[in-house]
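If you're matching them up, the sequences are chains Z and V in order.
Following our numbering, the numbering of the first sequence begins with 205 at its first residue and continues without gaps.
Following our numbering, the numbering of the second sequence begins with 1207 at its first residue and continues without gaps.
Don't be surprised by glycine CBs; every beta carbon is placed ideally from N, CA and C.
Since we're looking at a predicted model, the values are computed, not measured.
Worksheet for the structure shown next.
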Amino acid sequence: MTNIFSLDWYFISLLFFIGLYCMLVSRNMLRQIIGLEIMSKSCLLAIILSGVATNNVNLAQAIAITMILIEVVVVAIGLSVLIKAYRITGSIDLWKLSKLKG
Amino acid sequence: MTYHLTLFVIVIILAVIAVMAKNMLFSAIALALVSIGVSLILFTFGSPWAAVFELSVCAGLITVLFISAISLIQKEEKFLNESRIRFMLLPLALIIAAIASWIYIVPFFESLSKYPHLNIHNYPLGQIIWKNRVFDLIGQICILAAGVFAIKSIFPRPVRDTRAKDLLKGAEKVNNK
C-alpha cells in the first residue's frame, strides 16, 4: 500500500509532464503559454505539498502567493508579446519569429 | 482521501483536454477549470489563502487575459494548421510517463515520507508575510513594476506631436536618399 504523500507527488509529476509535452510539441505561442501555466500549477502544488510534509504550511502559502503574482506578470507579458508579434508578422507561429536571428 | 485523489484525477483529465482541444477558446476554459481544481486541492491541503489567490487570480484574471488575446487573434486559428497527430499522441505519452514515474518517482517519495517533521514555530500567515519574509514584498513590487514597464514599452503611445512627426518624416527622407 503506497503512501498518500507519494501518490500526490505522482499526480503532480504527471501534471508537470502534460505541461512540458504541450510546450515541446506545439508551435502555437498561445498553446506554449498554456503549457507554461499547467507546469506552474504543478509547481505550486509541489510547494504547498512540501510545506504540508514539513509541517510548515504557512510559509509555503506565503511563497505560493508570491509565485502566483509572478505567474500573472509572466502571462500578461507573454500575451502582450504574442499580440505584438501577431501585428508584426501576421501569425502566432513560433517559427516565424526567426527574423530575430538577425 | 478518495475526494483528494479524485480531484487530482479530474485536474489531470482537464489538463489533457486543455492541451488537446483544437479550439483555443475551449482550451482556455479548460485551463480555468484546471485552476479551480487546483484551488480545491489547495483547500484540502489546509492552505486557504493560497487557494483563494489561485481561484481569484488564476481562474479569473488569467482566463480573462487569455480570452481577450484569443479574441484579438481570432482569424489566425484558420491558417495555423498544426499537425494534430502530435497532440493525439499525448494520452499514449502520458501512459508511458505514468508507468515510468510509478517505477521511479513513487519509491523515491515513499522514502522521503519518513522524513522527520521540522519542529519549527508555525507562525500565522500574516506574521510570515509582514515580518519574517518582508523582503519578498519588495521583490513583488519590483516584478509588478517590471511588468507594467514591459507592457508599456511593448505597446508605446502613437506619436501625436506634429513636430515629432515632421522630424520622423525628415529622417525617412534622409534614409530614402
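- In the structure shown, the three-state DSSP call for residue 232(Z) is strand.
- Nearest to residue 208(Z) by alpha-carbon distance, out of 1374(V), 1318(V) and 1241(V), is 1318(V).
- The alpha-carbon of residue 1268(V) is positioned some 11 Å away from that of residue 282(Z).
- For residue 262(Z), the uninterrupted alpha helix (DSSP H) segment begins and ends at 261 to 293.
- Residues are counted here when their Cβ sits less than 8 Å from a Cβ of chain Z; for the segment 1245 to 1259 of chain V these are 1247, 1248, 1251, 1252, 1253, 1255, 1256 and 1259, given in chain order.
- Distance from the CA of residue 239(Z) to the CA of residue 230(Z), rounded to the nearest whole angstrom, comes to 9 Å.
- By the criterion of at least three beta-carbon pairs nearer than 8 Å, the segment 270 to 279 of chain Z is in contact with the segment 1350 to 1358 of chain V.
- Non-local beta-carbon contacts of residue 1363(V) in its own chain, meaning distances under 6 Å to residues more than five positions away in sequence, are absent.
- Taking 8 Å as the cut-off, the beta carbon of residue 286(Z) is found no closer than this to the beta carbon of residue 219(Z).
- Contact fails between the segment 1255 to 1269 of chain V and the segment 1225 to 1233 of chain V, because fewer than three Cβ pairs, one in each stretch, are under 8 Å apart.
- The continuous alpha helix (DSSP H) containing residue 1314(V) extends over residues 1296 to 1318.
- The Cβ-Cβ distance between residue 249(Z) and residue 1247(V) falls below 8 Å.
- Between residue 247(Z) and chain V, the shortest Cβ-Cβ separation is not below 8 Å.
- Within a 10 Å sphere around the beta-carbon of residue 1215(V) sit fewer than 16 other beta-carbons, which makes this residue exposed.
- The beta carbon of residue 263(Z) lies closer than 8 Å to those of 255 in the same chain, with the five residues before and after it left out.
- Counting along the chain, residue 1265(V) sits inside no alpha helix (DSSP H), nor does DSSP assign it H or E at all.
- Here residue 232(Z) has 296, 297 and 298 as same chain residues with Cβ atoms under 8 Å from its own Cβ, once five neighbours each way along the sequence are excluded.
- Not a single C-beta of chain V is nearer than 8 Å to the C-beta of residue 292(Z).
- With its beta carbon less than 8 Å from one in chain V, residue 253(Z) belongs to the interface.
- In this structure, the beta-carbon distance from residue 214(Z) to residue 1244(V) does not fall below 8 Å.
- With respect to chain V, the C-beta atom of residue 236(Z) has no partner C-beta closer than 8 Å.
- Chain Z has a Cβ within less than 8 Å of the Cβ of residue 1330(V).
- Listed along the chain, the chain Z residues whose CB falls inside 7 Å of the CB of residue 1353(V) are 277, 280 and 281.
- For residue 1346(V), the nearest beta carbon of chain Z is closer than 8 Å to its own beta carbon.
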